[in-house]
Ligand SMILES: Nc1ncnc2c1ncn2[C@@H]1O[C@H](COP(=O)(O)OP(=O)(O)O)[C@@H](O)[C@H]1O
Ligand SMILES: [Mg+2]
């Protein structure tokens, strides 16, 4: 990464600038400085939104640039959340247990402490023993490693199997969706070792930091999310620029031609799939402590479909488009579903947005796909006027190829 | 001259239809070879077999001094062995610039991490300029390949082939969509390339083949009908019957 990288990708600098300004403004207006114009819960919403933007750029790289419509990236996001959630629950429960056992006549043995923690955590699913999955949950370092390793390894193994047999297009999407569904159904079981449909909760309470007010913690996570988004943006901008980006886009548009140039297409797809899965895992690990709770429903395939919708609405094939799509749609979505949107009284029928938001989203998605394939990000082309040549046809024969209407790659 | 590529006894069947029938061809280390034959003779399929796109039902394809079997390799491995191909229908990456197309083809390590940490050097930039000059696209380097004319796309693909610096060039109907002057340029380029490597050209245009001035293989219904100089094969009665006499 040198000066010419920034020079060739001016949007990176603009993005980082906008992100910094946003982060500072939110911090200044938050309760932490005493201004309090932005409530702690809204800071959390914004922090979560930044995490969603991070997974959206990952999705844009895998779909918009590499042509793999993955419907599994929210599974990786969820796995990252579970990995950090396990440590949060363990460590906090441990503190509570140790405190309550401190008054016992005999000092508790290590085993008694562990058993008591297990009873606390797994009581809801009728168990009192730690499953093997929790072997590392006592260690923050190891669980942080799991945030990266678990999504990474799953993506590596799944991707290797899928890409090696040359499954592409719709079939690959269905396969990724099946993986997501299988994972979420597995997690729903009480004996999965991850508390079934109860999921993990109380994640907003950081162990040992009970004295620190949530307003401070929320800003800390907001900053962490902003830094992660900034780093992720630079990383992906670097990956999709230069020769790597060239090969990845070539794979999207005509993968068999790339093979005849001597590139092992499957390795490239695997690289992109795994890297984006890892970033998705990291985004999830930052998201769920702000959300406070994670359960298997979060991993259901519908979440990954939303992700594709955000990227499509924001404009696939440009990173800032994905950020805009994710931020815009997810914030709008929480406004509508949160009951803040005023109901529309038509006299004979009242439109309640909590019921109708999904319909509106669906219609917008169809409309964007049909009429504005460049998405919201396409508006920037109006500012930066570049001559666009008349061209006929799509950019490649493959299913995920850039379509004619999508214009500049 | 030692053999570079040995195709022997190869057959391919598509849904019961024998597109290639017990085909045997051998290509020497530095040789220019023209392959002609009527439409549907199996010329493109022959190239598909060599490049790993189509796996034959039987037969052997042996490559290079170490006599490796190409049948056990994937398309990308075969390409990395030094076999480059220009397709019948020009296939370049339309969304990318001419320079990006050439840079992607340029002979360099092909692994994902090699590519990720690839840095442009003055030498590679000079090589791209050189190729662009050769294919007459110097002014078009920053243009998107999709904006090029059909003939220019042909040129770009030939340029990508040169950039790969392969030992064997398989060129499927290079002259289609080119002006007479461009055809002449193409022949000159192919003849020059064949001085240091093997070049196999599939072409319909007899005038073009005549100018290549090389050994000709006539394919018909998936096997070799005749082989030799152009004059020799055009005198062959079988060839006259099935191809030239039509
Ligand atoms: N993938 C395929 N599936 C079915 N038939 C094919 C396929 N590829 C080629 N063929 C058939 O094989 C024959 C030879 O085709 P081809 O090699 O393209 O001929 P040529 O290039 O000499 O015109 C044709 O009859 C063609 O229809
Ligand atoms: Mg053909």
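Protein chains in written order, with the numbering used here: chain D, 728 to 1136; chain A, 30 to 275. Just so you know, even glycine gets a beta-carbon here, dropped at the ideal spot from N, CA and C. A quick note: this is a predicted structure, and the numbers were derived from the prediction, not measured.
CA-to-CA distance, residue j to residue i, given in whole angstroms
i                      : j                      : result
residue 128 (chain A)  : residue 1125 (chain D) : 22 Å
residue 227 (chain A)  : residue 951 (chain D)  : 58 Å
residue 728 (chain D)  : residue 984 (chain D)  : Its pLDDT being 44, under 50, residue 728 (chain D) is placed unreliably in this model, and the value from its coordinates should be taken loosely. Whole-angstrom Cα-Cα distance: 29 Å.
residue 936 (chain D)  : residue 971 (chain D)  : 43 Å
residue 812 (chain D)  : residue 1127 (chain D) : 35 Å
residue 917 (chain D)  : residue 848 (chain D)  : 12 Å
residue 2 (chain A)    : residue 182 (chain A)  : Outside the shown range of chain A, which is 30 to 275, sits residue 2 (chain A), and nothing can be said about it.
residue 122 (chain A)  : residue 76 (chain A)   : 21 Å
residue 161 (chain A)  : residue 206 (chain A)  : 19 Å
residue 1046 (chain D) : residue 1105 (chain D) : 12 Å
residue 733 (chain D)  : residue 740 (chain D)  : 7 Å
residue 249 (chain A)  : residue 231 (chain A)  : 13 Å
residue 860 (chain D)  : residue 976 (chain D)  : 38 Å
residue 771 (chain D)  : residue 944 (chain D)  : 9 Å
residue 716 (chain D)  : residue 785 (chain D)  : Residue numbering for chain D in the displayed model covers 728 to 1136; residue 716 (chain D) lies beyond these limits and cannot be assessed.
residue 48 (chain A)   : residue 245 (chain A)  : 20 Å
residue 930 (chain D)  : residue 989 (chain D)  : 48 Å
residue 788 (chain D)  : residue 963 (chain D)  : 7 Å
residue 1065 (chain D) : residue 913 (chain D)  : 29 Å
residue 742 (chain D)  : residue 239 (chain A)  : 60 Å
residue 927 (chain D)  : residue 823 (chain D)  : 17 Å
residue 51 (chain A)   : residue 1120 (chain D) : 39 Å
residue 1129 (chain D) : residue 980 (chain D)  : 6 Å
residue 1058 (chain D) : residue 164 (chain A)  : 52 Å
Cβ pair residue i, residue j closer than 9 Å
i                      : j                      : result
residue 1000 (chain D) : residue 793 (chain D)  : yes
residue 1040 (chain D) : residue 968 (chain D)  : no
residue 815 (chain D)  : residue 1008 (chain D) : no
residue 70 (chain A)   : residue 31 (chain A)   : no
residue 767 (chain D)  : residue 760 (chain D)  : no
residue 774 (chain D)  : residue 1017 (chain D) : yes
residue 106 (chain A)  : residue 140 (chain A)  : no
residue 889 (chain D)  : residue 1004 (chain D) : no
residue 134 (chain A)  : residue 188 (chain A)  : yes
residue 900 (chain D)  : residue 796 (chain D)  : yes
residue 192 (chain A)  : residue 157 (chain A)  : yes
residue 906 (chain D)  : residue 802 (chain D)  : yes
residue 110 (chain A)  : residue 196 (chain A)  : yes
residue 241 (chain A)  : residue 61 (chain A)   : yes
residue 190 (chain A)  : residue 198 (chain A)  : yes
residue 1044 (chain D) : residue 1133 (chain D) : yes
residue 1035 (chain D) : residue 790 (chain D)  : yes
Residue i Cβ short of 8 Å to ligand 1 heavy atom set
i                      : result
residue 72 (chain A)   : yes
residue 68 (chain A)   : yes
residue 769 (chain D)  : no
residue 48 (chain A)   : yes
residue 248 (chain A)  : yes
residue 251 (chain A)  : yes
residue 16 (chain A)   : Absent from the structure is residue 16 (chain A), since the part of chain A shown begins at 30 and ends at 275.
residue 43 (chain A)   : yes
residue 1063 (chain D) : no
residue 237 (chain A)  : no
residue 987 (chain D)  : no
residue 75 (chain A)   : yes
Residue i: CB within 8 Å of a non-hydrogen atom of ligand 2
i                     : result
residue 117 (chain A) : yes
residue 234 (chain A) : no
residue 231 (chain A) : yes
residue 86 (chain A)  : no
residue 186 (chain A) : no
residue 202 (chain A) : yes
Whole-Å CB distance - residue i paired with residue j, under 8 Å assumed
i                      : j                      : result
residue 194 (chain A)  : residue 149 (chain A)  : Going by Cβ atoms, the distance from residue 194 (chain A) to residue 149 (chain A) rounds to 18 Å, so no, they are not a contact pair.
residue 809 (chain D)  : residue 1021 (chain D) : 6 Å
residue 799 (chain D)  : residue 903 (chain D)  : 4 Å
residue 1019 (chain D) : residue 1037 (chain D) : About 22 Å; that fails the 8 Å criterion.
residue 84 (chain A)   : residue 100 (chain A)  : 7 Å
Identity of the residues DSSP links to residue i by a beta bridge
i                      : result
residue 952 (chain D)  : Partner(s): none; residue 952 (chain D) has no beta bridge.
residue 201 (chain A)  : A:231
residue 37 (chain A)   : A:89
residue 255 (chain A)  : A:247
residue 1021 (chain D) : D:927
residue 757 (chain D)  : D:765
Any C-beta of chain B under 9 Å from that of residue i
i                     : result
residue 145 (chain A) : Looking at the structure shown, chain B is missing, and the protein chains on hand are D and A.
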